[in-house]
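Scroll down for the structure; my scribbles are underneath it.
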Amino acid sequence: RLVITTPKTIRNRSIAGVYLITDQQDDLLKRVAQALRGGVTVLQYRAKDKPYEFCLEEGSQLKQLCSRFGSLFIVNDDLRLAHALDADGVHLGQEDSSPQQARELLGPDKIIGVSTHNLDEALKAESDGADYLGFGAMYPTDSKSITHMPGTSGLAAIRDRVKLPIVAIGGISPANACRVIEAGADAVAVISSVLAAPRPEVAATELRLLFNRLAPYP
Ligand code: TZP
Ligand code: MG
Numbered sequence: 009r010l011v012i013t014t015p016k017t018i019r020n021r022s023i024a025g026v027y028l029i030t031d032q033q034d035d036l037l038k039r040v041a042q043a044l045r046g047g048v049t050v051l052q053y054r055a056k057d058k059p060y061e062f063c064l065e066e067g068s069q070l071k072q073l074c075s076r077f078g079s080l081f082i083v084n085d086d087l088r089l090a091h092a093l094d095a096d097g098v099h100l101g102q103e104d105s106s107p108q109q110a111r112e113l114l115g116p117d118k119i120i121g122v123s124t125h126n127l128d129e130a131l132k133a134e135s136d137g138a139d140y141l142g143f144g145a146m147y148p149t150d151s152k153s154i155t156h157m158p159g160t161s162g163l164a165a166i167r168d169r170v171k172l173p174i175v176a177i178g179g180i181s182p183a184n185a186c187r188v189i190e191a192g193a194d195a196v197a198v199i200s201s202v203l204a205a206p207r208p209e210v211a212a213t214e215l216r217l218l219f220n221r222l223a224p225y226p
C-alpha cells in the first residue's frame, strides 16, 4: 500500500511513520519541503540556540508547510514557542518542562511527547500524561551527544510494557530502519539521514515505504 496515513486528530491517535526533526543547516525550509513531499507524518521543529523572534518566524513558515502536506507540527523543548505558534504539540526532554506543565498551558487537544531512555522513564512519562514516547538512542549518531543507547534490544524490551506510541530515535536511516520497526517502533525520528541526504524526498520515501511494508497502518 502506498497510502500516506497522516494522524490528524491528535490525542489518542497514533503517531506513526516518518517523524522528521529539523537540523541547524542552511536551506531548512526547502529541504523540509522536499522531505514532506516524500511522506513525513510529523515534523519536530528543533531550533537549538536560535533567537526566539527568529524561531517565531521560521516556526510559522514550517507550520504552514506542514499544514500544506497534512503533517503534524511539533515544537521541541520550548513550551512558550509551542504555545505562541499554536503548534500541534511539544516535545519535552527529561530536563525540560514536565508533561503536566505542558498540558496546563497547551490544553487537552495538543500532543505531548517525552524523550525516554529506559522503562522507568517510559512508565513515568506515560503516567504523567504524555501522548507518545521518544526512545533512544538506537544507534550512534553525530547529530547529538548521546548519553544512553538502549538500541533495538532496549526498544523490544519496553515495547509491550507501555501503551503509548514509541518514536525511536538516533542514527536511524533507510539502511537500518527495518530493524527498528521490527523491534516495535511506531515511528522513526530522523535528522541527518533525511535532511543531509542528497535528495531528502527520496530518503523520506524510502523510510515511509519500509513502514508500509513492515508495519501497515491500521
Ligand atoms: N535525540 C536523541 S538522538 C538525536 C536526538 C535529537 C539525534 C538524531 O539525529 P540523527 O541524525 O537521526 O541520528
Ligand atoms: Mg529538550
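9 is the number of the first residue of the sequence shown in the UniProt record's numbering; add one for each residue after it. For glycine and all other residues, C-beta sits at the position ideal for the given N, C-alpha and C.
Problem - Nearest neighbour of Glu-134, chosen from Leu-113, Leu-37, Leu-100, Ile-154 [CA to CA] - result: For Glu-134, the closest of Leu-113, Leu-37, Leu-100, Ile-154 by C-alpha to C-alpha distance is Leu-100.
Exercise for the section: Can you grab the Cα-Cα spacing for the pair Ala-168 / Arg-45, in whole Å? Expected result: Sequence check: residue 168 is Asp here, not Ala. The C-alpha of Arg-45 is placed about 32 Å away from the C-alpha of Asp-168.
Handout entry: Helix, strand or coil at Ile-199 [DSSP, three-state]
Key = Residue state, collapsed to three classes: coil.
Practice task
Closer than 5 Å is what we want: which residues have a beta carbon that near any heavy atom of the ligand MG? List them in chain order.
Solution key: Of all residues, those with a beta-carbon under 5 Å from at least one heavy atom of the ligand MG are Asp-85, Gly-101, Asp-104, reported in chain order.
Exercise for the section: Report yes if the C-beta of Leu-140 is less than 8 Å from at least one heavy atom of the ligand TZP; otherwise report no. Expected result: The residue you asked about is not Leu; residue 140 is Tyr in the sequence shown. Checking the Cβ of Tyr-140 against the ligand TZP gives no.
Exercise for the section: Flag this pair as yes or no: are the beta carbons of Tyr-27 and Val-198 separated by less than 9 Å? Expected result: With contacts defined by Cβ atoms closer than 9 Å, Tyr-27 and Val-198 form a contacting pair.
Exercise for the section: Rank Leu-127, Gly-137, Asp-128, Asp-104 by C-alpha distance to the C-alpha of Ile-120 and give the top, closest one. Expected result: Each of Leu-127, Gly-137, Asp-128, Asp-104 was checked against the Cα of Ile-120, and the nearest Cα belongs to Gly-137.
Problem - Under the three-state DSSP convention, the category Asn-220 falls into - result: Residue state, collapsed to three classes: helix.
Exercise for the section: Report yes or no: do three or more beta-carbon pairs, one from the stretch 33 to 51 and one from the stretch 201 to 208, lie closer than 8 Å? Expected result: They touch, by the three-pair rule.
Exercise for the section: Check whether the Cβ of Arg-54 lies closer than 8 Å to any heavy atom of the ligand TZP, and answer yes or no. Expected result: Proximity of the beta carbon of Arg-54 to the ligand TZP is indicated: a heavy atom of the ligand is located closer than 8 Å.
Problem - Element boundaries [beta strand (DSSP E), containing Ile-29] - result: For Ile-29, the enclosing beta strand (DSSP E) has its first and last residue at 25 to 29.
Problem - CA-to-CA distance, Asp-86 to Gly-97, given in whole angstroms - result: Spanning the two alpha carbons is a distance of roughly 10 Å.
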